[in-house]
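Single-structure report; data block below.
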Amino acid sequence: MTEPTLWLTGETCGLGPYRADLVETYWQWEQDPTLMIGYGRQVPESLEARTEGMRHQLQGSNIRFTVYDLGGPVPVPVGVTTLLPDDAVRTAEFVVMLAREARGRGLGTEATRLTLDYAFHVACLRMVWLKVLAPNAAGITAYERAGFRHAGRLREAGYWLGEVCDEVVMDALARDFTGPSAVRALLGRTGP
-15 MTEPTLWLTG ETCGLGPYRA DLVETYWQWE QDPTLMIGYG RQVPESLEAR TEGMRHQLQG
45 SNIRFTVYDL GGPVPVPVGV TTLLPDDAVR TAEFVVMLAR EARGRGLGTE ATRLTLDYAF
105 HVACLRMVWL KVLAPNAAGI TAYERAGFRH AGRLREAGYW LGEVCDEVVM DALARDFTGP
165 SAVRALLGRT GP
């Protein structure tokens, strides 16, 4: 594999293009039971269906990134982040997927933050929101660290380990996005 293209980088991870040649890798991550529980999915997907889905995703208007772990000698793909924009109101839903081996090391928080940086400074979105199952304490903490705030709850909207649970709705506003910006750093700017 050649050195991947990285559009934005932080200390531990980077974001690059969503890649058709990684469809089997993405599919393997998506079939991990721990990830399926986190998304509230009950049914695995075939590689053939995932490959067909990839064709549609590459042609769509959603903003997708491959997440790379920068902790070794070469960047290694470890996940995907996605923004599902609503262009009429300049907002987007956020989704992240990390391989099991990448979790618990801060990569999800940094990938989320880099995606928000892109959302606010390149895609010119004013708000990004997400839903997370209420029992997913680690996910909620990672989203809070990345800049998301609690916005509400959808009662009994999901399942966690076979039990009905609430979904927590969280949002991040462009005006609240503080701290270092990888996009601004590319331009040599630190302020507005």
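All residue numbers in the sequence shown are consecutive under my numbering, ending with 176.
The beta-carbon is built from N, C-alpha and C at its ideal position, and this holds for glycine as well.
Note that the coordinates shown come from a computational prediction; the quantities given were computed from them, not determined experimentally.
Item	Value
Please report how far the alpha carbon of L138 lies from the alpha carbon of E151, in whole angstroms.	5 Å
On the three-state DSSP scale, how would you describe L(-10)?	coil
Enumerate, from N- to C-terminal direction, the unbroken alpha helix (DSSP H) stretches of 4 or more residues contained entirely within the segment 88 to 129.	91 to 105
Within 10 Å of its beta-carbon, does D5 have 16 or more other beta-carbons around it, so buried, or fewer, so exposed?	exposed
To the nearest angstrom, how far is the alpha carbon of V116 from that of R3?	26 Å
Between T108 and the rest of its own chain, which residues show a CB-CB distance below 8 Å, the 5 nearest in sequence each way excluded?	According to the sequence as given, residue 108 is Cys; it is not Thr. So the list reads R74, once near-sequence residues are dropped.
Spell out a yes or no on whether the segment 74 to 91 and the segment 26 to 43 are touching, meaning 3 or more CB-CB pairs, one atom from each, closer than 8 Å.	no
Measure the CB-CB distance between A86 and V112 and report whether it falls below 8 Å.	no
Are G131 and L91 touching if we call contact CB-CB under 8 Å?	no
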